[in-house]
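Working notes, structure below.
There are 6 protein chains.
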Amino acid sequence: MTMNKVAVFRKEHFNAAHRLNNPLLSDAENARVFGKCNNPNYHGHNYELIVQVTGLPDAVTGYVIDMKVLSDLIKEDVLDKFDHKNLNLDTTEFATVNPTAENIAYWIAKNISNCYKVRVQESEGNTAEYEV
Amino acid sequence: MTMNKVAVFRKEHFNAAHRLNNPLLSDAENARVFGKCNNPNYHGHNYELIVQVTGLPDAVTGYVIDMKVLSDLIKEDVLDKFDHKNLNLDTTEFATVNPTAENIAYWIAKNISNCYKVRVQESEGNTAEYEV
Amino acid sequence: MTMNKVAVFRKEHFNAAHRLNNPLLSDAENARVFGKCNNPNYHGHNYELIVQVTGLPDAVTGYVIDMKVLSDLIKEDVLDKFDHKNLNLDTTEFATVNPTAENIAYWIAKNISNCYKVRVQESEGNTAEYEV
Amino acid sequence: MTMNKVAVFRKEHFNAAHRLNNPLLSDAENARVFGKCNNPNYHGHNYELIVQVTGLPDAVTGYVIDMKVLSDLIKEDVLDKFDHKNLNLDTTEFATVNPTAENIAYWIAKNISNCYKVRVQESEGNTAEYEV
Amino acid sequence: MTMNKVAVFRKEHFNAAHRLNNPLLSDAENARVFGKCNNPNYHGHNYELIVQVTGLPDAVTGYVIDMKVLSDLIKEDVLDKFDHKNLNLDTTEFATVNPTAENIAYWIAKNISNCYKVRVQESEGNTAEYEV
Amino acid sequence: MTMNKVAVFRKEHFNAAHRLNNPLLSDAENARVFGKCNNPNYHGHNYELIVQVTGLPDAVTGYVIDMKVLSDLIKEDVLDKFDHKNLNLDTTEFATVNPTAENIAYWIAKNISNCYKVRVQESEGNTAEYEV
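Protein chains in written order, with my numbering: chain B, 2 to 133; chain V, 2 to 133; chain A, 2 to 133; chain H, 2 to 133; chain U, 2 to 133; chain D, 2 to 133.
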C-alpha cells in the first residue's frame with residue numbers, strides 16, 4: 002500500500018489584548034463598524050492556535066514533523082511575539098494591520114516554515130482559518 | 002504577498018426534539034431501521050452548529066464577514082425556526098423530510114446566504130457536514 | 002498516613018425530549034413562566050450526567066467502586082429509562098413531576114444506590130446538582 | 002422523600018484586557034512579581050464565568066431560579082461592566098484593585114444577588130473560585 | 002435542488018500503551034530522536050478517533066451511513082484490537098511499524114471499510130489525519 | 002467587606018502507561034477484578050490533573066498562590082516523576098501500590114505542598130478526587 006500525505010496538527014495558546022480599528026475611518030465609523038471590539042482601551046482573548054503541517058511521514062521516524070520541533074517553531078515564531086502582548090502596541094505585525102482573527106491567521110500561516118494551514122480560535126464562537 | 006481566501010467559522014446552538022421515521026416504511030421497518038431514534042414520542046438533542054463562510058477579507062474591515070452579522074443571520078434563518086422546537090411537528094422544513102443530521106446540515110447550508118459549509122453536531126459522537 | 006474518603010465521578014449521556022409545564026397553571030401562565038421550554042410539542046437535550054460516589058478505596062482493588070459497575074448501574078437505573086425518550090410521556094418519573102434539570106438531578110441522585118451527588122448538564126450553559 | 006437544596010450553575014463569558022500591577026511596588030518589583038502579566042500595554046483573556054445559586058426548587062416551577070433570569074442578572078451586573086473592556090481602565094471595580102482571577106471572582110460573587118459561589122476561568126489552566 | 006455528498010463523523014476512544022522506537026537505530030539515536038516517547042517501559046494515551054464517511058444520504062433513511070453500524074465497525078476493526086492494549090506488544094499492526102499518530106491514522110483509515118478520512122488525537126496538543 | 006478563602010485551580014497533564022493488578026490475588030482473580038485494565042503488557046492514559054489550593058489572597062499580589070509557582074511545583078513533584086512513564090515499573094510510588102485513579106489522586110494530594118484537593122481525570126468518563 003502506498004501512503005498519501007498525512008496532516009498533523011499542533012495546538013498552542015496565547016493570551017493577548019487587541020483593538021479593531023481602521024485609521025482611515027472616522028471615530029464614529031470605527032465605532033459603528035467594529036462595535037465593542039473598537040474599545041480604545043483594548044479588550045483581549047485567549048487565542049487557540051492550531052498549526053497544520055502536511056507531508057509524508059519520514060521513513061526513519063514515522064513522523065511528518067517532530068511535534069516537539071513544531072511546538073518550538075510556534076513558540077519562537079508566534080508565541081514569543083504575541084503571548085501576553087498588546088497586538089496593536091507591542092507588535093510590528095499589527096501596528097498597521099487590523100488584528101482581526103483573519104489577519105492573525107494569515108500572518109501566522111505565512112511566518113511558520115512548512116505551515117500548510119492555520120486555525121485561530123479567538124473565542125468560543127469565532128474562528129478563522131488560512132491555508133497557505 | 003497576496004492573500005488566499007480565508008475561512009471563518011461561527012458556532013451557535015439550538016435545542017430541539019425530533020423523531021426519525023419514513024412514512025413509506027411500515028412501523029416494524031421504521032423501528033428496525035431507526036432503532037431508538039424512531040420513538041413515536043420523540044427524543045431530543047442540543048445541536049451544535051458551525052457555519053463556515055469563505056472569502057477575501059474586506060480591505061476596510063479585515064473581516065471576511067462581520068461575525069455579529071453572521072450570528073444574526075444564523076439566528077434569523079435557523080435558530081428562530083428550530084430552537085426549542087419539535088423538528089417534525091413545528092417546522093415546515095422537516096414535516097416531510099426526515100430530520101437526520103445529514104438533512105439538517107443540508108437544509109441549513111442551502112438556506113444561509115453566503116454559507117460555504119455547515120457542520121451539525123447532534124451528539125458528542127455524531128456529526129454531519131455539508132459543503133454547498 | 003491515613004486516607005480520607007475519595008470521590009469518584011462517572012460521566013454518562015442520554016438524549017431526551019421534554020416540556021416544562023405545570024398543569025395547575027393556565028396555558029398563558031405556563032407560557033409566561035417557562036417561555037420556549039413550554040412548547041407543547043416538546044424540545045430536547047443531550048443530557049450529560051456525572052454521578053459521584055464517595056468512600057474509602059477497597060483494600061484489595063484500590064477502587065472506591067469499580068467504574069464498570071457504576072457505569073452499569075447508571076445504565077440500568079437511568080439510561081434505560083430516559084435515553085431517547087420523551088421524559089413527560091415515556092417515563093413514570095416525570096409524568097406528574099416537571100422535568101427541570103433540578104428535578105432530574107434529584108430523581109437520579111435518589112435512585113442510584115450509593116450515589117453521593119449528581120450533576121446534570123442540560124445545555125452548555127445550564128447545570129443542576131443534587132447532593133443526597 | 003424530602004429534598005435538600007439543589008445547586009444550579011449558569012455559564013457565561015466575557016472578553017477583557019487587563020494588567021496585573023501593584024502601584025505600591027516599584028516597576029522592577031512589579032515585573033518580577035507579575036512577570037508577563039505586568040505588561041504595561043495590557044494583555045487579555047476570554048473569561049469563563051460560572052455562577053452557582055443554591056436553594057430549594059420552587060413548588061410551582063421546579064426551578065431554583067429561572068436560568069433566563071440568572072443569565073439576565075449576570076449580563077446586567079457583570080457582562081455589561083466587563084465584556085470587551087479594559088478591566089484596569091474601563092471599570093471602577095479594578096481601578097485600584099488588582100484584577101487577578103481571585104479578585105474578579107470575589108467581586109462577582111459579592112455583586113450578584115443570591116450568588117452562592119463563582120468560578121472564574123481565566124485560561125485553560127487557571128481558575129479561581131469564591132464562595133460567599 | 003440536488004444534494005452534494007455529505008460527510009459524517011463518528012467519534013470513538015481507546016486507551017493504549019506504546020513506545021516510539023526504530024530498531025534500525027542505536028539506543029542512543031532512538032533516545033535522541035524520540036525523547037520521552039522512547040521510554041523502554043512504555044507510556045500511554047487516551048486516543049480520540051474520528052472516522053469520516055462521505056456519500057449521498059440514502060433515499061430511504063436519510064443516512065450516509067447508520068452511525069450505529071459505523072460505531073460497530075470501528076469497534077470490531079479498531080477498538081477490539083487496540084483498546085487497553087500495548088500497541089507494540091499486543092498488536093500485529095505495530096509489531097514492526099512505529100506506532101506514531103501518523104501511522105495509527107494511516108492503518109485505521111486503510112482498515113475500516115468505506116472510511117474516507119481518519120483523525121487521531123493522541124493528546125490535547127497532537128493530532129494526525131489521514132485521507133484515503 | 003471581609004473576604005473568605007478563595008480556591009484556585011491549576012490544570013496540568015501527563016501521559017503514562019499503567020496496569021491494575023494486586024499480587025495477592027491469583028492471575029485469574031486479577032483478570033476478573035480488573036478486566037481489560039489488568040493487561041500484563043500495560044495500557045495507558047492522558048491524565049488530566051487539577052490541583053486546588055485554598056487561602057486568602059496575598060495583600061500585595063492579590064494571588065492565593067502564583068500560578069507559575071504552582072505549575073512549577075506540580076512539574077517537579079508530579080510530572081517529572083510520572084509523565085511519559087510506566088507507573089508500575091518506572092516509579093517507586095506505584096511499585097507496590099495499585100495505580101488506580103483513586104490512589105494516584107491520593108498520592109499527588111499528599112505530595113504537593115499546600116495542596117487542598119486533587120482531581121485526576123483518567124479518561125473522558127472516569128475521575129477521582131482527593132481532599133487532604
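The beta carbon of each residue, even a glycine, is placed where N, CA and C say it ideally should be.
Open item on the list: Ignoring anything shorter than 4 residues, give me the alpha helix (DSSP H) runs that lie fully in the segment 25-103 of chain H, in order along the chain.
Closed with: Listed in chain order, the complete alpha helix (DSSP H) runs (minimum 4 residues) inside the segment 25-103 of chain H are 28-35, 68-75 and 88-91.
- [ ] Look at the alpha carbon of A/Y117 and the alpha carbon of A/A8, and state the distance between them as a whole number of angstroms.
- [x] Counting from 1 along the third sequence, the entry for residue 117 of chain A is found at position 116. Counting from 1 along the third sequence, the entry for residue 8 of chain A is found at position 7. Taking the straight line from one Cα to the other gives about 9 Å.
TODO: Please list, in chain order, all residues of the same chain as U/N31 whose beta carbon is under 7 Å from its beta carbon, the five residues on each side excluded.
DONE: One-based indexing of the fifth sequence puts residue 31 of chain U at position 30. Excluding sequence positions up to five before and after U/N31, its CB lies within less than 7 Å of the CB of N22, N23 and N39, all in the same chain and listed in chain order.
TODO: Taking V/E94 as the query, report the chain U residues whose CB atoms sit under 8 Å from its CB, ordered along the chain.
DONE: The residue labelled residue 94 of chain V in the question sits at position 93 within the second sequence. Result: empty, since nearest Cβ-Cβ is about 13 Å, beyond 8 Å.
- [ ] For the segment 33-50 of chain A and the segment 76-83 of chain D, state whether three or more C-beta atom pairs, one from each stretch, are separated by less than 8 Å.
- [x] Not touching, per the Cβ criterion.
Task: 6 Å Cβ shell around H/A110 - same chain, five flanking residues per side excluded - done: In the fourth sequence, residue 110 of chain H corresponds to position 109, counting from 1. Only C116, V119, Y131 and V133 meet the Cβ criterion.
Task: Where V/N22 sits in the DSSP three-state scheme - done: One-based indexing of the second sequence puts residue 22 of chain V at position 21. For V/N22, the three-state secondary structure derived from DSSP is coil.
Task: Alpha carbon of A/V61 to alpha carbon of D/G126, nearest angstrom - done: Counting from 1 along the third sequence, the entry for residue 61 of chain A is found at position 60. Counting from 1 along the sixth sequence, the entry for residue 126 of chain D is found at position 125. A direct Cα-Cα distance of roughly 23 Å separates A/V61 from D/G126.
Task: Beta-carbon proximity check, A/V65 vs A/V54, cutoff 8 Å - done: Mapped onto the third sequence, residue 65 of chain A falls at position 64. Mapped onto the third sequence, residue 54 of chain A falls at position 53. With contacts defined as CB atoms closer than 8 Å, A/V65 and A/V54 qualify as a contacting pair.
Task: Inter-residue Cα distance where the pair is B/K37 and A/A17 - done: The count along the first sequence starts at 1 and reaches residue 37 of chain B at position 36. The count along the third sequence starts at 1 and reaches residue 17 of chain A at position 16. B/K37 and A/A17: Cα-Cα distance of roughly 38 Å.
- [ ] Run down chain A in chain order and give the residues with a C-beta less than 8 Å from the C-beta of H/F1.
- [x] Any question about residue 1 of chain H goes unanswered here, given that chain H covers just 2 to 133.
Task: Where U/K6 sits in the DSSP three-state scheme - done: Taking the fifth sequence and counting its residues from 1, one reaches residue 6 of chain U at position 5. Note: U/K6 maps to coil in three-state DSSP.
Open item on the list: Suppose the cutoff is 6 Å on Cβ atoms and the five residues either side in sequence are ignored; what does the same chain contact list for A/F35 look like?
Closed with: The residue given as residue 35 of chain A occupies position 34 in the third sequence. The residues are L21.
Open item on the list: Going by C-alpha to C-alpha distance, which of D/S72, D/T128, D/A29 and D/E13 sits closest to A/S72?
Closed with: Mapped onto the third sequence, residue 72 of chain A falls at position 71. Selected option, being the one with the closest Cα: D/T128.
TODO: Within 10 angstroms of the Cβ of B/T101, are there 16 or more other Cβ atoms? Answer buried if so, exposed if not.
DONE: The residue you call residue 101 of chain B lines up with position 100 of the first sequence. Its Cβ being crowded by 16 or more others within 10 Å, B/T101 is buried.
TODO: Spell out whether any CB of chain H is found under 8 Å from the CB atom of A/F127.
DONE: Stepping through the third sequence from its first residue, residue 127 of chain A is reached at position 126. One detail in the question is off: residue 127 of chain A reads as Asn in this sequence, not Phe. Answer yes: the Cβ-Cβ gap between A/N127 and chain H drops below 8 Å somewhere.
- [ ] Ignore the nearest five residues each way along the sequence and tell me which others in A/E123's own chain have a CB closer than 7 Å to its CB.
- [x] Translated into positions along the third sequence, residue 123 of chain A becomes position 122. Contacts found: H46, Y48 and A102.
Task: Own chain partners of A/I105 with C-beta closer than 6 Å, once the 5 adjacent residues on each side are dropped - done: For this step, residue 105 of chain A is matched to residue 104 along the third sequence. If we look at A/I105 and ignore the five residues flanking it on each side, its Cβ neighbours are V121.
Task: Cα-Cα separation, A/N5 to A/R11 - done: Position 4 of the third sequence holds residue 5 of chain A. Position 10 of the third sequence holds residue 11 of chain A. About 20 Å.
Open item on the list: Do B/H14 and B/A50 have their beta-carbon atoms positioned less than 8 Å apart in this structure?
Closed with: For this step, residue 50 of chain B is matched to residue 49 along the first sequence. For this step, residue 14 of chain B is matched to residue 13 along the first sequence. Before going further, note that residue 50 of chain B is Leu rather than Ala in the sequence given. Going by C-beta atoms, B/L50 is nearer than 8 Å to B/H14.
- [ ] Specify, as a first and last residue, the run of the beta strand (DSSP E) that B/N127 falls within.
- [x] Taking the first residue of the first sequence as 1, we reach residue 127 of chain B at position 126. Where B/N127 is concerned, the enclosing beta strand (DSSP E) stretches over N127 to E132.
- [ ] Could you tell me if H/L74 is buried or exposed, where buried requires 16 or more neighbouring beta carbons within 10 angstroms of its beta carbon?
- [x] The residue labelled residue 74 of chain H in the question sits at position 73 within the fourth sequence. Only buried fits H/L74, as 16 or more other CB atoms lie within 10 angstroms of its CB.
TODO: Report the residue from V/R33, V/E77 and V/D59 whose alpha carbon sits nearest the alpha carbon of V/I113.
DONE: In the second sequence, residue 113 of chain V corresponds to position 112, counting from 1. The shortest C-alpha to C-alpha distance from V/I113 to any of V/R33, V/E77 and V/D59 is the one to V/E77.
Open item on the list: In the DSSP output, which residue or residues are listed as bridge partners for V/N16?
Closed with: Here residue 16 of chain V refers to the residue found at position 15 of the second sequence. Answer is V/N47, bridged to V/N16.
TODO: Mind listing the chain A neighbours of D/G36? Cutoff is C-beta to C-beta under 9 Å, in chain order.
DONE: Taking the sixth sequence and counting its residues from 1, the one referred to as residue 36 of chain D is at position 35. Contact annotation for D/G36 against chain A: D67 and K69 [CB-CB distance below 9 Å, chain order].
Open item on the list: In whole angstroms, give me the CA-to-CA distance for V/A29 and A/E94.
Closed with: Residue numbering aside, residue 29 of chain V sits at position 28 when the second sequence is read from its first letter. Residue numbering aside, residue 94 of chain A sits at position 93 when the third sequence is read from its first letter. In a straight line, the C-alpha of V/A29 is about 28 Å away from that of A/E94.
Open item on the list: Please report whether the beta-carbon of U/V7 lies at a distance below 8 Å from any beta-carbon of chain V.
Closed with: The residue given as residue 7 of chain U occupies position 6 in the fifth sequence. Closer than 8 Å to some Cβ of chain V, the Cβ of U/V7 qualifies, so yes.
Task: Residues that DSSP places opposite U/S124 in a beta bridge - done: Counted from its first residue, the fifth sequence places residue 124 of chain U at position 123. U/N127.
Open item on the list: Classify D/L57: buried if its beta carbon has 16 or more other beta carbons within 10 angstroms, exposed otherwise.
Closed with: As a position in the sixth sequence, residue 57 of chain D is number 56, starting the count at 1. Counting Cβ neighbours within 10 Å, D/L57 comes out exposed, since fewer than 16 surround it.
- [ ] Examine chain V for any beta-carbon lying closer than 8 Å to the beta-carbon of A/S124, and answer yes or no.
- [x] Taking the third sequence and counting its residues from 1, one reaches residue 124 of chain A at position 123. Chain V, which has a Cβ nearer than 8 Å to the Cβ of A/S124, makes this yes.
Task: Rounded separation between U/L90 and D/W108 - CA only - done: Mapped onto the fifth sequence, residue 90 of chain U falls at position 89. Mapped onto the sixth sequence, residue 108 of chain D falls at position 107. If you draw a straight line from the Cα of U/L90 to the Cα of D/W108, it comes to about 29 Å.
Open item on the list: Against chain D, with Cβ distances strictly below 8 Å, would U/D90 count as a contact?
Closed with: For the purposes of this step, residue 90 of chain U is taken as the residue at position 89 of the fifth sequence. With the sequence shown as reference, residue 90 of chain U is identified as Leu, and Asp is not the correct amino acid for it. Yes, its Cβ sits closer than 8 Å to a Cβ of chain D.
Task: chain V residues whose Cβ lies nearer than 7 Å to that of B/Y43 - done: Locating residue 43 of chain B in the first sequence gives position 42, counting from the first residue. Residues of chain V passing the Cβ test: none, with the nearest at roughly 16 Å.
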